[in-house]
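Student: Per the working numbering: the sequence shown = residues 182 to 560.
Each residue gets a CB set at the ideal place from its N, CA and C atoms; glycine is no exception.
Model, not experiment: these values are computed from the prediction.
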Amino acid sequence: MIDLKAELKNYPLVQIDELERNNPDISSDMRDSLILYNKALEKLHAGSEDIAIIELKKAISLNPDFYEANNLLGIVYAHTKDFNKAEHTFKKVIDAEKSGVRALNYLREIGSDYEFFVKQGSKGRKKGKDTASKKYEGLKNERDSALFLNTPLGQERHKTKTIVGILLGFILGSLLVFALSFKYYGMADNEEILCLLIEEKTNAIEQRDKIELENKELLQRYNDLNEQFNEATKQADYYLGVAKLLDIEKLVLENKITKAADELLLLGNNVFEGAGEEKYRVLLDKVMNKAAQIEFNEGKKIFDAGNYREALGRFDKSRSYSEDWSYAVNNLYHCGVCYQELNNTTIAVKTFEELIEKYPSSAFAQYSRNRINQIENTQ
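1. Using a Cβ-Cβ cut-off of 8 Å (strictly less than) and excluding sequence neighbours within five positions of E522, which residues of its own chain qualify?
2. Could you pull the start and end residues of the alpha helix (DSSP H) that T532 belongs to?
3. Within 10 Å of its beta-carbon, does L243 have 16 or more other beta-carbons around it, so buried, or fewer, so exposed?
4. Assign S209 to one of three DSSP states: helix, strand, or coil.
5. Measuring only the C-alpha atoms, how far is N558 from N524?
6. By Cβ distance below 7 Å, which residues in the same chain neighbour Y258 in space, the five residues on each side in sequence not counted?
7. How long is the line joining the alpha carbons of D497 and I234, rounded to whole angstroms?
8. I need the straight-line Cα distance from V561 to I475, nearest angstrom please.
9. Considering only C-alpha positions, which residue in the set Y520, R389, Q409 is nearest to H226?
10. Going residue by residue through the region 455-501, where are the continuous alpha helix (DSSP H) segments of at least 4 residues, counting only ones entirely within it?
11. Just mark F173 as buried or exposed, buried being the case when its beta carbon has 16 or more other beta carbons within 10 Å.
12. Is G422 helix, strand or coil when you go by DSSP?
13. By the 10 Å Cβ neighbour count, where 16 or more other Cβ atoms means buried, how is S412 classified, buried or exposed?
14. Note the first and the last residue of the continuous alpha helix (DSSP H) segment covering K170.
15. Among E408, E444, L189, which has the Cα closest to the Cα of G255?
16. Out of L237, S209, W506, point me to the one whose CA is closest to K220's CA.
17. Please look up how many angstroms separate the CB atoms of Y514 and Y461, rounded, as I've assumed it's under 8 Å.
18. Is V468 near L445, with beta carbons less than 9 Å apart?
Below is the structure:
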């Protein structure tokens with residue numbers, strides 16, 4: 182079983198400022214995904230796994246190649262005993278051929294039967310030290326051989342390469358026979374043998390060139406089919422997304438606002454364009470602020486009853502829905518107070534400082550300064 186607290190030591194916060202200094206051309210999506218990743222780590226340290234899952238999914242939707250975030254999401258799923266989602270997430274990382282070794286180890290820990298990679302990755306390797314790069318190559322070779330050669334096109338290409346190898350071996354063998362014959366019989370007495378060998382060599386080269394041309398044509402056919410497949414997948418994702426929007430509209434009509442907001446967060450806007458994108462934006466405007474208000478109201482009731490940990494979960498969920506609504510500053514202030522009451526003063530101070538920076542002229546900014554002074558005086 183994966184130990185979440187132990188694994189979190191392997192996932193430090195990303196130093197975004199330093200990263201931007203070294204990489205000034207970093208995209209806004211990449212930066213936003215790193216911010217969400219850091220927020221997810223903070224929520225995990227605070228015990229808010231549900232909020233961390235939402236933040237990680239948002240980070241991955243902005244940057245699908247963020248494999249550290251995928252691995253961390255799989256760990257959280259495993260910790261919450263959602264092993265199917267954990268297994269699916271780790272397999273996705275392995276299939277992408279990045280961070281595959283770590284994800285494979287996590288799969289073993291949760292008892293997955295995904296042993297195909299383990300068996301194939303260990304075949305044909307030389308004895309000696311195992312390095313990270315050798316493990317990665319094992320996974321890569323496994324995919325190339327097992328997944329691709331199971332397709333008709335892959336079998337045909339493999340057969341072609343085998344024939345080319347045989348012909349090249351035949352050419353080298355013929356040249357060796359020629360050299361031995363020349364030495365043994367003498368050049369003058371073996372003109373007929375020499376002509377025969379040259380003719381065989383010429384025929385073999387012609388056959389090789391023919392097979393290489395066929396192989397090139399097959400590769401072009403494969404690339405064309407792969408492009409068609411990717412386009413079909415994109416279209417399917419689009420229609421599935423539109424169908425999901427209709428389901429969310431139904432939830433709104435049934436006044437299930439927070440459920441609709443959760444579905445919108447999970448859906449993201451990766452596949453929409455045109456009318457679909459407009460419908461998605463309309464639903465966002467209609468649902469997210471209202472859901473944030475609902476969660477804040479519920480959190481405030483729990484806060485007033487003195488249950489700060491449960492209240493913090495509500496306030497954090499409100500922030501995940503929207504940070505641009507009328508009571509957002511009030512919600513943020515109550516987050517800081519909950520952290521303070523739970524003796525997590527470090528995050529409490531960070532929360533109050535964030536509020537002061539975002540809302541410097543509000544009354545809550547002064548309340549936050551007072552809270553910071555109170556914390557510093559008691560330390």
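Tutor: Here's the rundown:
1. For the purposes of this step, residue 522 is taken as residue 341 along the sequence shown, with counting starting at 1. Y489, listed in sequence order.
2. Numbered from 1 along the sequence shown, position 351 holds the residue referred to as residue 532. Counting along the chain, the alpha helix (DSSP H) containing T532 begins and ends at 526-539.
3. Along the sequence shown, one-based indexing puts residue 243 at 62. L243 comes out buried.
4. As a position in the sequence shown, residue 209 is number 28, starting the count at 1. Secondary structure at S209: helix, using DSSP grouped into helix, strand and coil.
5. In the sequence shown, the residue the question calls residue 558 occupies position 377. In the sequence shown, the residue the question calls residue 524 occupies position 343. Cα to Cα, N558 sits roughly 14 Å from N524.
6. As a first step, residue 258 must be located in the sequence shown, where it is residue number 77. Closer than 7 Å at Cβ, skipping near neighbours: K266, A267, T270.
7. As a first step, residue 497 is located in the sequence shown; it is residue number 316 there, counting from the start. As a first step, residue 234 is located in the sequence shown; it is residue number 53 there, counting from the start. D497 and I234 have their C-alpha atoms some 12 Å from each other.
8. Outside the displayed range of the chain (182 to 560) lies residue 561, so it cannot be described from this structure.
9. In the sequence shown, the residue the question calls residue 226 occupies position 45. Relative to H226, the option among Y520, R389, Q409 whose CA is nearest is Y520.
10. Complete alpha helix (DSSP H) runs here, min 4: 456-485.
11. One cannot answer for residue 173 here, as it falls past the ends of the chain, which runs 182 to 560.
12. Here residue 422 refers to the residue found at position 241 of the sequence shown. Helix.
13. As a working note, residue 412 is residue 231 in the sequence shown. This sequence places Glu at residue 412; Ser is not what is there. Classification of E412: exposed, given that the 10 Å Cβ count is below 16.
14. Residue 170 is absent from the structure shown; the chain starts at 182 and stops at 560.
15. Counting from one through the sequence shown, the residue named residue 255 turns up at place 74. Taking only the C-alpha atoms, the option nearest G255 is L189.
16. By 1-based counting over the sequence shown, the position of residue 220 is 39. Per the Cα distances, L237.
17. Numbered from 1 along the sequence shown, position 333 holds the residue referred to as residue 514. Numbered from 1 along the sequence shown, position 280 holds the residue referred to as residue 461. Actually they are not in contact, since the Cβ atoms of Y514 and Y461 sit about 31 Å apart, beyond 8 Å.
18. Looking up residue 468 in the sequence shown gives position 287. Looking up residue 445 in the sequence shown gives position 264. Yes, these two residues count as a Cβ contact at 9 Å.
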